[in-house]
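Worksheet for the structure shown next.
Residue numbers (the working numbering): 72 to 959.
As structure tokens, this is what we get:
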């Protein structure tokens, strides 16, 4: 009996030992696959060799890998930044990956907040030494089982609310052989440090009228803009130095009060006397607020009353141009006065390796084919004339062209009588090309008829819209399958089958939403007048796996543009559909040529807007907006203007409730940031200031009073009044554009709860962007995750460019590395000129693009309307498992 008891005790001890061992094995297994306990980063106060509990590394073989952490060099308190931890190891035996990170200040205490942005990471709060630290680490799905070469994890870190000094990110990482036991693994440690940013609240002083020419006894006006940055507010006093004798001045106002982030303006008037000497005087304008002082130089030219100061500017568009395509030289002659200029002649000897096409002028006449001579005649003080010369380059390279101007009167400044345009000529267009060697591009499907937007049903199947046929085509494994539905569309100009979105719960809820322009004949048509007044419609269809069946109409929007006194048009329909992270449907509608309240015209405009009423936003004037609807078309009660009292009634009052944003000219691109959930759009200017915008609830984009930054309103007016076209709608002339930022902003139509927002980025002269799309995930490489890609709505520049933009760490702004872009404006020289956008260019020859999306496989897909194709962008050095599925 005693032996039996002893045996039982031995057996019991064995089971207890086995149970303890099992607990240990389970713990180490869990630590390996689902993330270790907190305190394994080798930060101060942690056990330095804690990782050895689960990963036994041969001390004589440290491995060939490395671990790095990418963090901001500086931080602003309260702002959010991306952090990326990266493993790299070419050893093919490394098949599983893990990491753990913590952020500590100089006292070794928790610094800021770590946040997940994917299922690959998890947060451990109130852990580690003292139970007061925060850690982030891999999850079981974030170990990348059997993945070779390395791995990375990206997440967010919000900086502490106050300056806590330097913050250190301590990180440990495991590169395992995935053999199921603790031996043969490699463990690495590193750290990175971020310093508090030296944020200085500041402002800039600029002028859009840098030079004025007058006779003694006359006045000169200079428009000044004060633009705050980094949260600057306060009173700014203005002064001037360098006035010639007999001259006085006045600022209106003399002191500017900056209360928010918008630019403020002042007008400097310099008054000369009859005794003011002739000459050129540099005047220093100074703006002072406390210890801050900013200056700008303006020029005052005092000349004899019989002088005429002729100036000439010259640009080439596009730049770069291409062999065999038209290059336009635009020569602007301006008489700065004070006298009228007569017998004006512009001469331009064309460079070699171009073929003359045509020449024209806004007044007078031109002759010649090799040397172009244009007789302009007379120009009054302040008047301009434009000469346009079109040539076709025949050889790639760089060409330089010089034009000059002469007149009969004495010219006090000969330095501005000639101008040079230098243009790069690229070879003839070719297949799509990516400029980053880490990326490659291939054609997924071709032969489509003007494709616009796409929607992925799964990794191998998507629906693609054809603008002019009205067909929703199904593509499977790169092959065109059946037509899901064929709609009778009006495809004149920019109309047609334009937008598609799947229900957020698709395919469980099998709804497909389409934005399309209805034909009034019941058949496809390109006749611009064969369309109902409310011919743009958003409908909900039901998908059964092969076809789409109409379920209901959600909304009908303006399409007919048959305005008195000008040709019919069919543009500015918008057409993009997107479901947001809030599961609401966002609909982008262009201004459709309307000029009413939603175009910020509250006075000085036509009343009514057109023959169908307005300017209130009734059904025929609900344009230039982003609408936000429930999935059934009803209006969400949390829309920004749902309870706004805008003094409207009937249709207009009901429509205001549907609006998420307004003051929009037109857009072909709208996308939600997959990391922050913020809504971004591109917006097309006419000739001036294409924009990239971050749109918030109640956004007013400023159109038609403002395009581009409000501080550039004088440039906006100058460009639009100097070009043909007149902002499309002749019942609101560009001469009505304000002269100062304050004047422009005071004219905006204010719905209670709205706010004007400056663009996050803009181009001074239009480059005609089109779709935008974010890179979701790291399939293209960690360096591309979260980046914004922008396509082109014309082939004029690079036969359809692709731009790539990085967002700031807090995902609220465009982060520009080019110092020329720190003012958030690309100051290009003419339409379709690349100047100051060179660092953004990442692709060429994509044609007219209409959609950019990240697919289920993590690759980027580009829809090209002009090429009739869908392209796939992948990482150049990666094996794409889905590539064989897309063989055409």
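The beta-carbon is built from N, C-alpha and C at its ideal position, and this holds for glycine as well.
Residue 201 by DSSP, collapsed to three states: which one?
Position 130 of the chain shown, counted from the first residue, corresponds to residue 201. Look at residue 201 here: in three-state DSSP terms it is helix.
Local Cβ density within 10 Å of residue 738, reported as buried at 16 or more and exposed below that
Mapped onto the chain shown, residue 738 falls at position 667. Buried, because 16 or more other Cβ atoms sit within 10 Å of the Cβ of residue 738.
By alpha-carbon positions, which one of 466, 363 and 419 ends up nearest to residue 396?
Here residue 396 refers to the residue found at position 325 of the chain shown. Residue 466 is the option with its Cα nearest to residue 396.
Write down the C-beta distance between residue 214 and residue 167 rounded to the nearest angstrom, noting that I regard them as a contact closer than 8 angstroms.
Stepping through the chain shown from its first residue, residue 214 is reached at position 143. Stepping through the chain shown from its first residue, residue 167 is reached at position 96. With a Cβ gap of about 5 angstroms, residue 214 and residue 167 count as contacting.
Is it a yes or a no for the segment 514-530 touching the segment 570-581, going by three-plus beta-carbon pairs under 8 angstroms?
Short answer: they touch.
From the DSSP secondary-structure annotation, give me the bridge partner or partners of residue 620.
Residue mapping note: residue 620 aligns to position 549 of the chain shown, counting from 1. Looking at the DSSP assignment, residue 620 forms a beta bridge with 613.
Go ahead and label residue 696 buried or exposed: buried means 16 or more other beta carbons lie within 10 angstroms of its beta carbon, across all protein chains shown.
On the chain shown, residue 696 is found 625 positions in, with the first residue counted as 1. By the 10 Å Cβ count, residue 696 comes out buried.
Going by C-alpha to C-alpha distance, which of 671, 478 and 709 sits closest to residue 733?
For the purposes of this step, residue 733 is taken as the residue at position 662 of the chain shown. Taking the Cα of residue 733 as reference, the smallest distance to any Cα among 671, 478 and 709 is reached at 671.
Under a Cβ-count criterion, where at least 16 other Cβ atoms within 10 Å of its own Cβ denotes burial, should residue 594 be classed as buried or exposed?
Within the chain shown, numbered from 1, the residue matching residue 594 stands at position 523. Of the other Cβ atoms in all chains shown, fewer than 16 fall within 10 Å of the Cβ of residue 594; this residue is therefore exposed.
Looking at residue 265 and residue 171, is the spacing between their C-beta atoms short of 8 angstroms?
For the purposes of this step, residue 171 is identified with residue 100 of the chain shown, where counting begins at 1. For the purposes of this step, residue 265 is identified with residue 194 of the chain shown, where counting begins at 1. The answer is no: Cβ separation not under 8 angstroms.
Range covered by the beta strand (DSSP E) that runs through residue 725
Here residue 725 is taken as the residue at index 654 of the chain shown, counted from 1. Careful: residue 725 lies outside any beta strand (DSSP E), inside the alpha helix (DSSP H) at 721-727.
So, with DSSP's three-state summary, where would you put residue 334?
As a position in the chain shown, residue 334 is number 263, starting the count at 1. Looking at residue 334 - three-state DSSP - the assignment turns out to be coil, as it is neither helix nor strand.
Kindly indicate the opening and closing residues of the alpha helix (DSSP H) around residue 788.
The residue given as residue 788 occupies position 717 in the chain shown. Secondary structure note for residue 788: its alpha helix (DSSP H) is the uninterrupted segment 784-792.
Give me, in chain order, the residues of the same chain whose beta-carbon lies closer than 7 angstroms to that of residue 183; leave out the 5 immediate sequence neighbours on both sides.
Start at 1 with the first residue of the chain shown, and residue 183 comes out as number 112. Here the set comprises 174, 228, 229, 230, 231 and 238.
Confirm the yes/no value for this check: CB of residue 510, any heavy atom of the ligand SAM, distance under 7 angstroms.
Among the ligands in the structure shown, none appear at all, so the ligand SAM cannot be discussed.
Going by DSSP, which residues form a beta bridge with residue 320?
For the purposes of this step, residue 320 is taken as the residue at position 249 of the chain shown. According to DSSP, residue 320 bridges with 341.
Candidates 658, 547 and 778, of which the one nearest residue 625 by Cα:
Numbered from its first residue, the chain shown carries residue 625 at position 554. The shortest C-alpha separation from residue 625 is found at 658.
Name the DSSP beta bridge partners of residue 751, please?
Start at 1 with the first residue of the chain shown, and residue 751 comes out as number 680. Its beta-bridge partners are 742 and 765.
Touch test, the segment 154-162 against the segment 278-285, Cβ-Cβ under 8 angstroms, three pairs minimum
These segments do not touch.
Name the DSSP bridge partner or partners of residue 227?
Within the chain shown, the letter at position 156 stands for residue 227. DSSP, once it has assigned bridges, lists 153 and 186 as partnering residue 227.
Please report how far the alpha carbon of residue 609 lies from the alpha carbon of residue 275, in whole angstroms.
Counting from one through the chain shown, the residue named residue 609 turns up at place 538. Counting from one through the chain shown, the residue named residue 275 turns up at place 204. For residue 609 and residue 275, the distance between alpha carbons rounds to 45 angstroms.
Cα-Cα separation between residue 701 and residue 622, rounded to whole angstroms:
Reading the chain shown from its first residue, position 630 is the one you call residue 701. Reading the chain shown from its first residue, position 551 is the one you call residue 622. Each residue's alpha carbon lies about 15 angstroms from the other.
For the segment 399-417 and the segment 377-388, state whether three or more C-beta atom pairs, one from each stretch, are separated by less than 8 angstroms.
Look at the beta carbons and you see the segment 399-417 touching the segment 377-388: at least three pairs across the two are nearer than 8 angstroms.
I'd like the span of the alpha helix (DSSP H) that includes residue 705, first residue to last.
Counted from its first residue, the chain shown places residue 705 at position 634. According to the DSSP assignment, residue 705 belongs to no alpha helix (DSSP H), since it is labelled neither H nor E.
Compare the Cα-Cα distances from residue 270 to each of 240, 780 and 303 and report the closest residue.
Residue mapping note: residue 270 aligns to position 199 of the chain shown, counting from 1. The candidate whose alpha carbon is nearest that of residue 270 is 303.
Using only the alpha-carbon positions, how far apart do residue 77 and residue 117 sit?
As a position in the chain shown, residue 77 is number 6, starting the count at 1. As a position in the chain shown, residue 117 is number 46, starting the count at 1. Reliability fails at residue 77, whose pLDDT of 41 lies under 50, so the model's placement of it is uncertain and no value is given.
For the beta strand (DSSP E) containing residue 873, name the first residue and the last one.
Residue mapping note: residue 873 aligns to position 802 of the chain shown, counting from 1. Here the beta strand (DSSP E) through residue 873 covers 873-878.
Extent of the continuous beta strand (DSSP E) run through residue 815
The residue labelled residue 815 in the question sits at position 744 within the chain shown. Judged by DSSP secondary structure, residue 815 falls outside any beta strand (DSSP E) and instead within the alpha helix (DSSP H) spanning 812-817.
In chain order, which beta strand (DSSP E) runs of at least 3 residues are fully inside the segment 414-452?
Qualifying beta strand (DSSP E) stretches, in chain order: 425-432, 436-438 and 442-450.
So for residue 853, helix, strand or coil by DSSP?
Within the chain shown, numbered from 1, the residue matching residue 853 stands at position 782. Here DSSP, grouped into helix, strand and coil, assigns residue 853 to helix.
So what's residue 891 in DSSP terms, helix, strand or just coil?
Working through the chain shown from its first residue, we reach residue 891 at position 820. Looking at residue 891 - three-state DSSP - the assignment turns out to be helix.
So for residue 939, helix, strand or coil by DSSP?
What you label residue 939 is simply residue 868 of the chain shown in a count that begins at 1. The three-state reading of DSSP puts residue 939 in coil, since its state is none of H, G, I, E or B.
Going by alpha carbons, who is nearest to residue 931 out of 843, 581 and 919?
Residue mapping note: residue 931 aligns to position 860 of the chain shown, counting from 1. When each option's Cα is compared against that of residue 931, the closest is 843.
Report the three-state DSSP secondary structure of residue 670 (helix, strand or coil).
Position 599 of the chain shown, counting from 1, holds the residue named residue 670. Taken through DSSP and simplified to helix, strand or coil, residue 670 comes out as helix.
Residue 97: buried (16+ other C-beta within 10 angstroms of its C-beta) or exposed?
Counting from one through the chain shown, the residue named residue 97 turns up at place 26. Low confidence applies here, because residue 97 scores a pLDDT of 36, under 50, leaving its location unreliable; read the following figure in that light. By the neighbour-count criterion, in which 16 or more other beta carbons inside 10 Å mark a residue as buried, residue 97 falls on the exposed side.
Where residue 310 and residue 328 are concerned, what is the direct C-alpha to C-alpha distance, given to the nearest angstrom?
By one-based count along the chain shown, residue 310 stands at place 239. By one-based count along the chain shown, residue 328 stands at place 257. Between the alpha carbons of residue 310 and residue 328 lies a gap of roughly 15 angstroms.
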